[in-house]
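All remarks here apply to the structure that follows.
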Amino acid sequence: MKVFTTFGDGIDGLKLNELPMPNPGTGEILVKMTAFALNYRDLLVINGIGSWKPLSNRIPISDGAGEVVMIGKGVSRWKVGARVCPIFLPRWLDGELTSEKFVLPLGGAASDGVLAEYVIFNENSVVAVPNHLFDTEAATLPAAGVTAWHAVARRSCVQPGETVLIQGTGGVSIFLLQLVHAIGGLPIVISSNDEKLSRAKDLGAVGAINYKTLPDWDKEVLDLTEGRGVDHVMEIVGGENLNRSLKAVKISGSISFIGLLGGFDGNINTNQFISKNVRIHGIETGSREMLEEMNRFVELHKLKPVIDKTFAFEEICEALKYLESANHFGKIVLKIN
-11 MKVFTTFGDG IDGLKLNELP MPNPGTGEIL VKMTAFALNY RDLLVINGIG
39 SWKPLSNRIP ISDGAGEVVM IGKGVSRWKV GARVCPIFLP RWLDGELTSE
89 KFVLPLGGAA SDGVLAEYVI FNENSVVAVP NHLFDTEAAT LPAAGVTAWH
139 AVARRSCVQP GETVLIQGTG GVSIFLLQLV HAIGGLPIVI SSNDEKLSRA
189 KDLGAVGAIN YKTLPDWDKE VLDLTEGRGV DHVMEIVGGE NLNRSLKAVK
239 ISGSISFIGL LGGFDGNINT NQFISKNVRI HGIETGSREM LEEMNRFVEL
289 HKLKPVIDKT FAFEEICEAL KYLESANHFG KIVLKIN
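Numbering-wise (the numbering used here), the sequence shown opens with residue -11 and increments by one.
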């Protein structure tokens, strides 16, 4: 089988290898991969940034979908032919995240990912693909999709009629927009691109702010909410951008802290945090239970993930460079023909 590996030495350092076909052991399944989805974290791993740098040659990429083609001894959850996608944290099946569950994330420094023609999974660490989705669409759900669901449905508990500020128009941001809109919330999107903002409106955004032409975007958010502030903020940028989010959120509102695009640290106005009585939640992807819960919601509302561009399996380097450019709207995916 064909498989890509990285040692964290950059996109051009990715290597295509030929390896023997693996055989599933007890409690395991063999999945023929058909599609993959890219995330910002993949760039951190492949470019060898900080603790994301692989400790040895690793198979990158955490998100994918495929078909069960062989089952090992004792497997009861799956049959050959089932369409599945793996969960990001193989041991986070349900409940709150703990140190015991926060291990071996797919495609990271210490664990292989899914960028191969065939991959072995424990039978408990995959979920069924929603029936109405193509595999390329389903591949976007295990990281970006469930992260958005965790933030919207589990942490912020968005209710119909509540305002939600969403930053950017990348993969997680567009999932946030779609989920908030389907729940009946009122999404407000900020971006630096008017065309992307127009597309966000088509997906249900009730407010759209270009932060390049309107740099005081937090004031614009306050104007849109008659000075009250939004009920919830989906913090995608991170770093010192959190200060702007604190200004834009209402008193006793919530901030779901998701992204690191703005850096890993920053000077935060803790007085604003206290005086506004704000709840800030860190969002680490989600459990198998959350992904299954989201998939039922996706099926009920017949939601379709937004795919910006599809590349062939062998075009992984081009796909990653496109992700690096940040020109995408929604998700970037790969497909095995």
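Ideal placement from N, C-alpha and C gives every residue a C-beta, glycine not left out.
Are there 16 or more other CB atoms within 10 angstroms of the CB of residue i, so buried, or fewer, so exposed?
i, result
"LEU288", "exposed"
"PHE163", "buried"
"MET278", "buried"
"THR22", "buried"
"ARG276", "buried"
"GLN147", "exposed"
"THR135", "buried"
"GLY83", "exposed"
"ILE320", "buried"
"ASN265", "exposed"
"ASN283", "buried"
"HIS332", "Because the chain in this structure spans residues -11 to 325, residue 332 falls outside the shown range and cannot be described."
"ASP182", "exposed"
"LYS184", "buried"
Helix or strand or just coil, what does DSSP make of residue i?
i, result
"HIS138", "helix"
"GLY106", "First, the residue type needs correcting, since residue 106 is Tyr and not Gly in the sequence shown. TYR106: strand per DSSP, three-state reduction."
"GLU84", "coil"
"ASP0", "helix"
"ARG276", "helix"
"PRO130", "helix"
"CYS305", "helix"
"GLN155", "strand"
"VAL286", "helix"
"LEU328", "The structure shown has nothing for residue 328, since the chain only spans -11 to 325."
Note down the Cα distance separating residue i from residue j, rounded to an integer number of angstroms.
i, j, result
"THR14", "VAL56", "15 Å"
"ILE108", "PHE261", "45 Å"
"LEU327", "ASP204", "The displayed coordinates of the chain run from -11 to 325. Any statement about residue 327 would go beyond what the structure contains."
"GLN155", "ARG46", "32 Å"
"ALA337", "HIS138", "Nothing can be reported for residue 337: it is not among the residues displayed for the chain, which extend from -11 to 325."
"ALA97", "SER44", "8 Å"
"ASN231", "VAL68", "51 Å"
"VAL209", "PRO10", "53 Å"
"ASP343", "SER64", "Residue 343 falls outside the range modelled here, since the chain spans only -11 to 325, and no answer is possible."
"LEU322", "GLU105", "12 Å"
"ILE171", "MET(-11)", "42 Å"
"LEU308", "ASP100", "18 Å"
"ILE239", "ARG267", "10 Å"
"VAL341", "PHE245", "The first residue shown for the chain is -11 and the last is 325, placing residue 341 beyond what the model contains."
"LEU31", "PRO42", "12 Å"
"ASP206", "ILE197", "10 Å"
"VAL160", "GLY254", "22 Å"
"GLY158", "SER242", "21 Å"
My assumption, with CB atoms under 8 Å, is that residue i sits in contact with residue j. Please give the rounded CB distance.
i, j, result
"GLY(-2)", "ASN35", "6 Å"
"PHE(-8)", "LEU4", "6 Å"
"GLY54", "ASP123", "7 Å"
"PHE24", "ALA127", "6 Å"
"LEU167", "GLY195", "At roughly 17 Å, the Cβ-Cβ gap does not stay under 8 Å, so LEU167 and GLY195 are not in contact."
"ALA188", "LEU165", "6 Å"
"VAL33", "GLY95", "6 Å"
Would the segment 288 to 301 and the segment 314 to 324 be scored as touching if the rule is three or more Cβ pairs under 8 Å? Contact holds: three or more Cβ-Cβ distances are below 8 Å.
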